[in-house]
Amino acid sequence: MERRKVGILGATGMVGQRFIQLLSNHPWFEIAWLAASDRSAGKTYGEACRWKLDTPLPAKIAAMTVQPNVPEGFVPSNLGDALPKIIFAALDADIARELEPKFAAAGCAVISNSSAFRMTTDVPLVVPEVNADHLSLIEAQSYRAQSGGYIVTNPNCCAIGLVLPLKPLEERFGIESMFVSTMQAVSGAGYPGVASLDILGNVVPFIKNEEEKLQEEVNKLLGRVNGNHIEMLDAKISAHCNRVAVEDGHTECVSIKLRTKASRADILAAWSEFAPLRGDHLPSAPDQPVEFDEAIDRPQPRLDRMRGAGMSTTVGRLRECTLLDWKFVLLSHNTIRGAAGAALLNAEVLARAGKLDKLGTPPKVMAVLA
Ligand SMILES: NC(=O)c1ccc[n+]([C@@H]2O[C@H](COP(=O)([O-])OP(=O)(O)OC[C@H]3O[C@@H](n4cnc5c(N)ncnc54)[C@H](OP(=O)(O)O)[C@@H]3O)[C@@H](O)[C@H]2O)c1
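If you're matching positions, the sequence shown starts at -15 in my numbering and goes up one per residue.
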């Protein structure tokens, strides 16, 4: 099968590098275009990027020229052939707010990591195992009608790891309220991120806007599609977010109150039976999205973050809570499952649904041509 050409906006950052690593041997997608800020544009990727991953930077990618974020002669209605129509975006929210609509208006599928449009009514916020049906919202976007383009987002890195074990609990027992306290890795702050003097031997009990994002995004993810919008779940969620001196992998301590009673066995069964994409043969989908570990001292970031090739959430320490019903600890890889891998899985689901075909053409025109 011929691989589809893709571009990466923000290709030199922490998430951009993960995209390159995960896409390098991807069976469905091929990197054809890389862009970053004016600081990097015009340099080769090898010159522009401070590669931080533990696999070598592929020579072919190192030799590619980093393009300006808005290609020269960029006309929204006429992209030309140089720019791929599938764009993975790993930009800071302020820049994403300005750039992503331009690419969507130009007929691209923009598959975004940033928070800029996650809570916008007609923009799907998606974790495929949890709410793939929310992708129907793209058909309500004005870009879609005009150019065939659209924006799809994946959640905040902590929300993704958390919502995977929550989904089967919400389905079977309902979630009334929850308290979650995070211990978030430094790679979550991008590069260079938090200064070493601030984080070494230390914990920083503040990450700007993180608690608000976690609280609202979980309720959107677990909400229901109603026409062109999402009816949010109304679980009460209180989050405490902390930055810790861990390289990769976000740990979260959760206490939860369910709407109906559940035993320990009921909860473990809900997690082990949760495999909504099994059988779909999507390259990035883990076989077991929620892995429970019985050991008394797991999960741990260094030991568990690569489970399911970095795409599974590991859960452990399930025990009764003296304030709410149950408590547990979870761990997920923040730049794989929590960012680039999440966007890639969204793209695979979109490809399977035919939503990456004939981009640049409004669906009404496609229907007439068919
Ligand atoms: N790190 C995580 O674990 C994580 C998880 C989930 C979501 N996210 C989100 O993903 C996004 C990227 O995060 P990150 O950690 O990769 O950040 P980062 O390491 O700071 O990288 C930012 C990227 O954006 C580029 N950029 C900056 N200004 C630009 C401009 N004006 N035009 C085009 N590109 C520009 C940078 O290029 P230069 O190298 O040229 O400056 C770099 O490639 C953020 O929205 C973040 O919140 C991150």
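Even for Gly, the Cβ is constructed at its ideal location relative to N, Cα and C.
- According to the DSSP assignment, F13 belongs to the beta strand (DSSP E) that extends over 13 to 19.
- DSSP places A269 in the coil class of the three-state scheme, outside both helix and strand.
- Secondary structure of S24 (DSSP, three-state): coil.
- C-alpha of A254 to C-alpha of L146: approximately 15 Å in a straight line.
- When distances are taken from the beta-carbon of D76 to the heavy atoms of ligand 1, the shortest one is below 7 Å.
- Distance from the Cα of L334 is smallest, within the candidate group K151, D106, I95, for I95.
- Residue state for L75 is assigned as coil, using DSSP reduced to three classes.
- According to DSSP, residue pairing for T105 in a beta bridge does not occur.
- Assigned with DSSP and collapsed to three states, C225 falls in strand.
- For R227, the Cβ stays outside the 7 Å cut-off from all heavy atoms of ligand 1.
- Annotation note: the stretch 238 to 302 contains the following uninterrupted alpha helix (DSSP H) runs of length 4 or greater, listed N- to C-terminal: 248 to 256, 285 to 288.
- The closest CA to that of I221, considering only F3, A88, Q199, A279, is found on Q199.
- Taking 3 residues as the shortest admissible run, the stretch 81 to 128 contains the following complete beta strand (DSSP E) segments, listed from N- to C-terminal end: 93 to 96.
- According to the DSSP assignment, Y29 belongs to the alpha helix (DSSP H) that extends over 29 to 32.
- The beta-carbon separation of V110 and N138, rounded to 6 Å, stays under the 8 Å limit for a contact.
- Taken through DSSP and simplified to helix, strand or coil, F190 comes out as coil.
- Ranked by Cα distance from A293, the options C237, A324, E304 are led by A324.
- CA-to-CA, the gap between A90 and R336 works out to about 22 Å.
- Annotation for N9: no beta strand (DSSP E) segment contains it, and DSSP assigns it neither H nor E.
- In this structure, the C-beta of M(-2) approaches ligand 1 to less than 7 Å from one of its heavy atoms.
- Around the beta carbon of P11, a 10 Å sphere encloses fewer than 16 other beta carbons of the protein chains shown; the residue is thus reported as exposed.
- Under the 8 Å Cβ criterion, the stretch 75 to 94 counts as touching the stretch 123 to 137, having at least three qualifying pairs.
- Within the same chain, L302 come within 7 Å of R248 by CB-CB distance, once the 5 residues on both sides are set aside.
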